[in-house]
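Below is one structure, written out as structure tokens; the observations come after it.
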């Protein structure tokens, strides 16, 4: 175990200041509630204003983690060199055509941030529109939110966050001069949608609680304070986003939580016209839209929806003039077990991404003829995704393919001729032989008769005889699936004899929307039990060593890790929790926090619903820490993370240390300059790898 590698100084002892509250007749005592700075909103914008007493705790934890892992510095450097050697530093994306140019991003050798570039389609020199490395110079943290070029190709609206709090500031660059205009739009969510005339753009503004709730129109040359509000939601349970539709005529304002959605259309040709509602919000009705200017006799909306009990979604059409639900007509009917993940519409084609039996496929439909064909692959487990483009009048579909052994490939597919052209294969500079690895797909029996898909990666020469150390990764929330995709960072583990396993637990959508529904609200414990079942199956099948298994998860997956720590600490040699959502009950009881009201459909509302209170209390990691032996734990946090606040892992680690009955290490490392926007600093990669190594000792 990690604590046997060395004997570090005694860990920090965090002062107890009990805070008492009563809910539904139950008294809760939180001895570490004081670690939440009452001025936390200001800390998100400026980390220097953090309460000195709280900063002292976080700094002491960082120092303790550094001391505990000091004997592993050489290993950290080795691992970092390996990981860096597998990354093509001057990597570039495949240019995406739009009118006279093709746009893409790339990195320069030795650089850390992207360069946004374009080249003329008829040939010519590259033009660097935005240099992320230059923009980041001198900043402790910098995240480029991307750049969106104007329809006339003269300007690019770009956004950046230099705090890690995900408050983005948007500026506009004149591509002829390379200089920014005077326009500065603060506290935006990052992306913009230009009007057709390139004289203005729409954006989403974050409120004081960091919630995206309003859409504004900014006209070039005016002050942000004069921007016109064009849409808002006053319901704290719903967030707002905006995106340009493929046809280019409209933008969609999506108002959504985790189970319901509502769409409004903005006419980009007439930006002063009020947004138009597609169909009113209904509880548990989800839909998203695309536009076609001339299908079946006129302008039409294509709508992916779960209406009419279409749990795995279907695609319907509706006239643009009368888009309400009463006018929806099935085009691709619902088929139980065939989950429609997404779709796109171009002039001649409807393309949809589906998942069947846990594996994705792309289905291409000719809009005029109605005939369809499928793009699929033969590997036992793989990842497949459609890459969006700018153009509407095109036969070309771009998609990405990879597996746990096969580096990512970018393909252009001609929907008419069915010809595939490989545009890019991910390069691993240090070398990679797919034949040296094997990937498998298993089905682990769950506690209730279900089967949990498990994707495996190992070296072909790793003996699967019950001696191999194993890392089990899982997420299992919000309907998000974990693809069996390629990742160079895993190779440092599997090359040392590890088995890497992804447990596709309930709470994701690997087996359709039902798989999500059966891992949320009152059924949330299924997620934890599924990962336990997957781990036990790996041990039973002699794929994993029973005393050499580490589990890893982040955010809501970090909550899963916290639940595993309480439920089956004997099953794992080590646990890694990145920005872990471990204080679930207290967070869901506090509706002033940014994500709490929108999260109630996922976890339940413990303020008004006693049953939800008791369910969350039964598994909330922080509330269930008790006097027992815990495995080695590494928790990683970000001070300005707006989604999982820094005090959650800080409180959790303090309580673990106070109550655990053994001396295995519990470490906390907090990035004091950023939030989760920090792309995992190299030293954090090495810290994770050290826990992997230690668990395998």
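Residue numbers (UniProt numbering): 1 to 697.
Beta carbons: idealized from backbone N, C-alpha and C, even for Gly.
All figures in this text were calculated on a predicted structure; none of them were measured in a lab.
If you look at residue 586, you'll find it in the alpha helix (DSSP H) that goes 584-588. Judged by DSSP in its simplified three-state form, residue 572 adopts coil rather than helix or strand. Contact between the segment 207-214 and the segment 232-242 is present: 3 or more CB-CB pairs across the two stretches fall below 8 Å.
Put simply, of 630, 608, 621 and 602 the residue whose alpha carbon is nearest the alpha carbon of residue 257 is 602.
With respect to the 8 Å criterion, residue 550 and residue 637 are not classified as neighbours on the basis of their beta carbons.
Of all C-beta pairs linking the segment 381-391 to the segment 470-485, three or more are shorter than 8 Å, placing the two stretches in contact.
The shortest C-alpha to C-alpha distance from residue 229 to any of 248, 235, 205 and 222 is the one to 205.
For secondary structure counted as the alpha helix (DSSP H) over 4 or more consecutive residues, the segment 63-91 holds these complete runs in sequence order: 73-85. Going by C-alpha positions, residue 446 is about 38 Å away from residue 20.
Taking 3 residues as the minimum length, the beta strand (DSSP E) runs contained wholly in the segment 404-474 are 409-414, 420-425, 437-445, 451-459 and 470-473, in order along the chain.
Taking C-beta separations shorter than 8 Å and ignoring five residues to either side along the sequence, the partners of residue 396 in its chain run 389, 412, 413, 414 and 415, following chain order.
In the three-state reduction of the DSSP assignment, residue 247 falls in the coil class, being assigned neither a helical nor a strand state.
The residues 582 and 583, in chain order, have a CB closer than 6 Å to that of residue 648 in the same chain once the five nearest residues on each side in sequence are set aside.
In the three-state scheme derived from DSSP, where H, G and I count as helix and E and B as strand, residue 386 is classed as strand. Inside the segment 609-651, DSSP marks whole beta strand (DSSP E) runs of 3 or more residues at positions 632-638, from first to last along the chain. Of all alpha-carbon atoms in 308, 269, 184 and 570, the one lying nearest the alpha-carbon of residue 284 is that of 308.
By the neighbour-count criterion, in which a residue is buried when 16 or more other Cβ atoms sit within 10 angstroms of its Cβ, residue 304 is buried. Put simply, of 532, 375, 86 and 666 the residue whose alpha carbon is nearest the alpha carbon of residue 419 is 375.
According to the DSSP assignment, residue 186 belongs to the beta strand (DSSP E) that extends over 179-194. Closest in C-alpha terms to residue 191, from the list 161, 199 and 209, comes 161. Counting only residues of its own chain and dropping the five nearest sequence neighbours on each side, residue 559 has a CB closer than 7 Å to the CB of 580, 581, 582, 584 and 621. Contact between residue 352 and residue 339 does not hold, since the beta-carbon distance rounds to 11 Å and is not under 8 Å. The Cβ-Cβ distance between residue 300 and residue 263 does not fall below 8 Å.
Where residue 105 is concerned, there is no enclosing alpha helix (DSSP H), although the beta strand (DSSP E) around it starts and stops at 101-106. Shortest Cα-Cα distance from residue 368 to any of 357, 346 and 377 involves 346. Annotation for residue 338: the continuous beta strand (DSSP E) segment containing it runs 338-345. By the neighbour-count criterion, in which a residue is buried when 16 or more other Cβ atoms sit within 10 angstroms of its Cβ, residue 86 is buried. Annotation for residue 492: the continuous alpha helix (DSSP H) segment containing it runs 491-494.
Here residue 543 carries a coil assignment [DSSP, helix/strand/coil].
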